[in-house]
Amino acid sequence: MTYRCDHVHLRSRDPVAAAAFYVEMFGARETGRVGGEIVQRVILDLGGLAVFIEQAPEEAHPPLTTPCLGLEHIGLAVEDIEAAVAELKGKGVSFRTEIIARGPTLRIVFLDGPDGAVIELLQRDA
1 MTYRCDHVHL RSRDPVAAAA FYVEMFGARE TGRVGGEIVQ RVILDLGGLA
51 VFIEQAPEEA HPPLTTPCLG LEHIGLAVED IEAAVAELKG KGVSFRTEII
101 ARGPTLRIVF LDGPDGAVIE LLQRDA
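Under full-length UniProt numbering, residues 1 to 126 are what the sequence shown spells out, in order.
Okay, structure coming up:
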């Protein structure tokens, strides 16, 4: 049996606004919407990964505090972490950490996405 990643599924109180964040900040491309006047789901292509952002029901719980069990964050690879951080800070993105070195070839930083989503940017050097 072979497995491959198909999508990441997020829930939001405002899926259109959440999708706009991923489009504006990370260059995601909207590929579809489900629903009519009230959008139930926005579908994005984020660097080849399908991201479904679905309207959360009223009874949906707020996100957990990290670190936590289960799905904790989304990791996005970049070629130049300093340039990515500078660009996103210029757009008003809130960061949880400064850039952290995890050995000689990996640097990471965490930022806040919509609806409590945690996003990691990472740069892997050869």
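The C-beta atom is built at its ideal place from N, Cα and C for all residues, glycine as well.
Of F52, S12 and V118, the smallest CA-CA separation from F95 is found for V118. For A60, the secondary structure class from DSSP, reduced to helix, strand or coil, is coil. In this structure, L106 and A77 do not form a Cβ contact; the two beta carbons are roughly 10 Å apart against a cut-off of 8 Å. Residue state for A84 is assigned as helix, using DSSP reduced to three classes. Here the alpha carbons of I81 and A126 stand approximately 14 Å from one another.
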